[in-house]
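S.K.: In our numbering, the protein residues as written are 744 to 864.
This is the structure I have questions about; it appears just below.
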Amino acid sequence: MADEPVKVVYHLTEGLDQASRAMSNIRNHLRAEPDTKIVVVANGDGIKFLLTGATERSGRPFDGAVAALASQGVDFRVCSNTLIAHDVPVSRVLPGVRLVTSGVAEVARLQAREGFVYLRP
């Protein structure tokens, strides 16, 4: 069991500033522990960074950072309920981002059924 990778779910709900912190945290996390299995679940205002055209305060687009982390095995998931509630078409979601019915249910499932540790940057 000691050889099994740590599994972590990063829960994003607060918008672009939280997403910027999370992306930095995740890069640092993977530098320290490259075998970590990371899932990012976004709901509420947390979905904004996973939409086309989203940028950090500096103006840097999120799409490149999301793609780079995805290429390292990070799994990004967005809440369909939030998309519907905010009238955001699925076509605005970045490529490779997985839709889940409920972000909060997905976070709970990952913790209860798959043994993920919860982090909220």
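Even for Gly, the Cβ is constructed at its ideal location relative to N, Cα and C.
Would you list, in sequence order, the uninterrupted alpha helix (DSSP H) runs of no fewer than 4 residues that lie entirely inside the stretch 763 to 795?
M.R.: Counting whole runs of 4 or more residues, the stretch 763 to 795 contains no alpha helix (DSSP H) stretch at all.
S.K.: What span of residues does the beta strand (DSSP E) with Arg841 cover, start to end?
M.R.: First-last of the beta strand (DSSP E) with Arg841: Arg841 to Val843.
S.K.: Does Asp818 come out as helix, strand or coil in the three-state DSSP assignment?
M.R.: Reduced to three states, the DSSP call for Asp818 is strand.
S.K.: Do you know how far the Cα of Asp778 is from the Cα of Asp746?
M.R.: Their backbone Cα atoms lie some 10 Å apart in a straight line.
S.K.: Note down, in chain order, each residue of its chain lying with its Cβ closer than 6 Å to the Cβ of Ser823, except the 5 sequence neighbours on either side.
M.R.: Result list for Ser823: Leu842 and Thr844, in chain order.
S.K.: Roughly how many angstroms separate the alpha carbons of Asn771 and Leu812, rounded to a whole number?
M.R.: Roughly 11 Å separates the two Cα atoms.
S.K.: For a quick check, are the C-beta atoms of Val831 and Leu773 less than 8 Å apart?
M.R.: Against a cut-off of 8 Å, the Cβ pair of Leu773 and Val831 comes out as no contact.
S.K.: Considering only their Cβ atoms, is the gap separating Ala762 from Phe819 smaller than 8 Å?
M.R.: For Phe819 and Ala762, no; Cβs fall outside 8 Å.
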